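What follows is one structure encoded as structure tokens, with my remarks underneath.
Chains as they are written, first to last, in the working numbering: chain A, 541 to 734; chain B, 541 to 734.
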């Protein structure tokens, strides 16, 4: 097991309905040392590529994306889920469904922050059905940018999101891929790492 | 002028209605080196206090709060604006009004992440009427924690939020306090720093 898988086994909690709670260290309370280690691991996995921008979506992806962007020495942009009166100018817009909240969000990025010259690394904390990632891919590509890769902390391998995105030819790296979970025993089985 | 004031003058944009846009470096696209510098500056200003936790509110406070928490070597907790099905257990709840979005949000933190033993440093990117900060103070104090201080990147000094919080006796530090802005000339006047 790698450092993230070990931490999930130690502090993650499996709940009924295939819910994995990692809110004590990843997406509500954040262990900063862990985020830094995640940042370094994505640098190791994508460091051979030319990355000019890290793209994520609010809110829980922001922490990880900050430390990935720090490793690459590039700016981070986070997509917003609501239309703010403080965003003006041309916008890149898409709609994404939320597995967690069972609703649809309009997701926007100001067009001036992603250009056709950009080589984008997309980062998020979770991948389940892939709606958020597909939205971020759509935003980056509608700007004419190149999606160099996608880095996910935890993928639910038993949902179809990861397979769909890999089938489309994208370079998707997940640090922990959960193959199965049992909320009665708390057991978590991970897919083998490459 | 300090580093943040200089950056605001260089890259901030003044819009009608007392709107200051800093979305190219602080709250949509994020300049990571700037966030790191902000983290170090808050460590300098609050380093004499015992801090056990950094508390912020999603979404744009998260980036700054990560780097402040890194400097102090403590976890960061961000308050969430919606009720997620992934949060369970006892919750600390408050309601805050948003100046930007003209609406009210229910703001929650899982109770197990803030304890009576905690010494909390509250961090956010903007302070205008102070509703978000008051909500975070209320959450921390309802948990029995001690609010050691509040660190803000940009305060709108011509709104009443900062004064109200300082009058209540809290140690509030803002790295840039905008006294006035002119959207016709783009001029920004800062309050003198201590």
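The beta carbon of each residue, even a glycine, is placed where N, CA and C say it ideally should be. Being a predicted model, the structure only gives us computed values, none of them experimental.
Take every Cβ of the segment 653-662 of chain A, pair it with every Cβ of the segment 577-593 of chain A, and state whether three or more of those distances are shorter than 8 Å. yes
Whether or not the segment 707-720 of chain A and the segment 676-691 of chain A are in contact is what I'm after, with contact meaning three or more pairs of Cβ atoms, one per stretch, closer than 8 Å; do they touch? yes
Using the rule of at least 16 other Cβ atoms within 10 Å of the residue's Cβ for burial, across every protein chain shown, is residue 719 of chain A buried or exposed? What you label residue 719 of chain A is simply residue 179 of the first chain in a count that begins at 1. Residue 719 of chain A is exposed by the Cβ-count criterion.
Exposed or buried, what is residue 581 of chain A when buried is set at 16 or more other beta-carbons lying within 10 Å of its beta-carbon? As a working mapping, residue 581 of chain A is identified with position 41 in the first chain. Buried, since its Cβ has 16 or more Cβ neighbours within 10 Å.
Give the straight-line distance between the Cα atoms of residue 681 of chain B and residue 686 of chain A, rounded to the nearest whole angstrom. Here residue 681 of chain B corresponds to residue number 141 of the second chain, with the count starting at 1. Here residue 686 of chain A corresponds to residue number 146 of the first chain, with the count starting at 1. Distance between the alpha carbons of residue 681 of chain B and residue 686 of chain A is about 47 Å.
Buried or exposed: where does residue 550 of chain A fall if 16 or more other Cβ atoms within 10 Å of its Cβ makes it buried? Counting from 1 along the first chain, the entry for residue 550 of chain A is found at position 10. With fewer than 16 other Cβ atoms within 10 Å, it is exposed.
When the Cα of residue 642 of chain A is compared with those of A:653, A:669, A:705 and A:655, which residue comes out closest? Position 102 of the first chain, counting from 1, holds the residue named residue 642 of chain A. Among A:653, A:669, A:705 and A:655, the Cα nearest to that of residue 642 of chain A is on A:669.
From the DSSP secondary-structure annotation, give me the bridge partner or partners of residue 661 of chain B. Taking the second chain and counting its residues from 1, one reaches residue 661 of chain B at position 121. DSSP, once it has assigned bridges, lists B:594 and B:689 as partnering residue 661 of chain B.
Under 8 Å from the C-beta of residue 575 of chain B: neighbouring residues of chain A: Here residue 575 of chain B is taken as the residue at index 35 of the second chain, counted from 1. Those are 606, listed as they occur along chain A.
Identify the continuous alpha helix (DSSP H) that holds residue 681 of chain B and give its terminal residues. By one-based count along the second chain, residue 681 of chain B stands at place 141. Looking at the DSSP string, the run of the alpha helix (DSSP H) that includes residue 681 of chain B is 671-682.
How is the beta strand (DSSP E) around residue 717 of chain A delimited, first residue to last? Locating residue 717 of chain A in the first chain gives position 177, counting from the first residue. Counting along the chain, the beta strand (DSSP E) containing residue 717 of chain A begins and ends at 712-721.
Can you give me, in chain order, the residues of the segment 547-573 of chain B that have a beta carbon less than 7 Å from any beta carbon in chain A? 559, 561, 563, 568, 569, 570, 571 and 572
Give a yes or no on contact between the segment 670-677 of chain A and the segment 561-579 of chain A, applying the rule of three or more CB pairs nearer than 8 Å. With fewer than three CB-CB distances shorter than 8 Å, the segment 670-677 of chain A does not count as touching the segment 561-579 of chain A.
3 or more residues per run - each beta strand (DSSP E) lying fully within the segment 546-630 of chain A: 553-555, 559-561, 593-597 and 616-619
Assumed close pair residue 647 of chain B, residue 597 of chain B - CB separation to whole angstroms, cut-off 8 Å: To locate residue 647 of chain B, count along the second chain from 1; it is residue 107. To locate residue 597 of chain B, count along the second chain from 1; it is residue 57. Approximately 6 Å separates the beta-carbon atoms of residue 647 of chain B and residue 597 of chain B; this is inside 8 Å, confirming the contact.
Below 9 Å on C-beta distance, what does residue 650 of chain B contact in chain A? Position 110 of the second chain holds residue 650 of chain B. Those within 9 Å of residue 650 of chain B in chain A are 563, 564, 568 and 569.
Residue 665 of chain B to residue 678 of chain A span [Cα, whole Å]: Start at 1 with the first residue of the second chain, and residue 665 of chain B comes out as number 125. Start at 1 with the first residue of the first chain, and residue 678 of chain A comes out as number 138. About 29 Å.
Measuring only the C-alpha atoms, how far is residue 571 of chain B from residue 653 of chain A? Start at 1 with the first residue of the second chain, and residue 571 of chain B comes out as number 31. Start at 1 with the first residue of the first chain, and residue 653 of chain A comes out as number 113. Cα-Cα distance, rounded: 12 Å.
Out of B:587, B:621, B:631 and B:600, which one is the CA nearest neighbour of residue 610 of chain B? Position 70 of the second chain, counting from 1, holds the residue named residue 610 of chain B. When each option's Cα is compared against that of residue 610 of chain B, the closest is B:587.
Is there at least one non-hydrogen atom of the ligand ADP closer than 7 Å to the beta-carbon of residue 690 of chain A? The model depicted lacks the ligand ADP and carries no ligand whatsoever.
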